[in-house]
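What follows is one structure encoded as structure tokens, with my remarks underneath.
Residue numbers (this note's numbering): 2 to 101.
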């Protein structure tokens, strides 16, 4: 699963990704939360997040609380860990972690 911050990132990168890669557009924190909830339902807790370099990648600039959600009476947070860049595209490892 690869989430992208802007449709132009998806269009530019889609041909370099494996053919069965699912792309999910997540321009806002709420989009990442929707993705995280769907992944947790499938017992998945990691994804790749690629930012479009010519626009602000909003989830990276927002408060940590905007990346928190509850599901099944548990509190979770989406953490974005910088993996560097691929060409000009910043890449992050998204991880869904339970908050104690």
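Ideal placement from N, C-alpha and C gives every residue a C-beta, glycine not left out.
Beta-carbon separation of residue 72 and residue 78 under 8 Å?
It is not a contact, given that the beta carbons lie outside the stated cut-off.
Which same chain residues, not among the five before or five after residue 92, have their C-beta less than 6 Å away from its C-beta?
Cβ within range, chain order: 51 and 84.
Distance, Cα to Cα, residue 18 vs residue 101?
Rounded to whole angstroms, residue 18 to residue 101 spans 36 Å at the Cα level.
Please classify residue 48 as buried or exposed, where buried requires at least 16 other C-beta atoms within 10 Å of its C-beta.
Answer is buried; the Cβ neighbour count reaches 16.
Can you find the residues in the same chain that come closer than 6 Å, C-beta to C-beta, to residue 9, ignoring five residues on each side of it along the sequence?
Cβ neighbours of residue 9 beyond the five flanking positions: 53.
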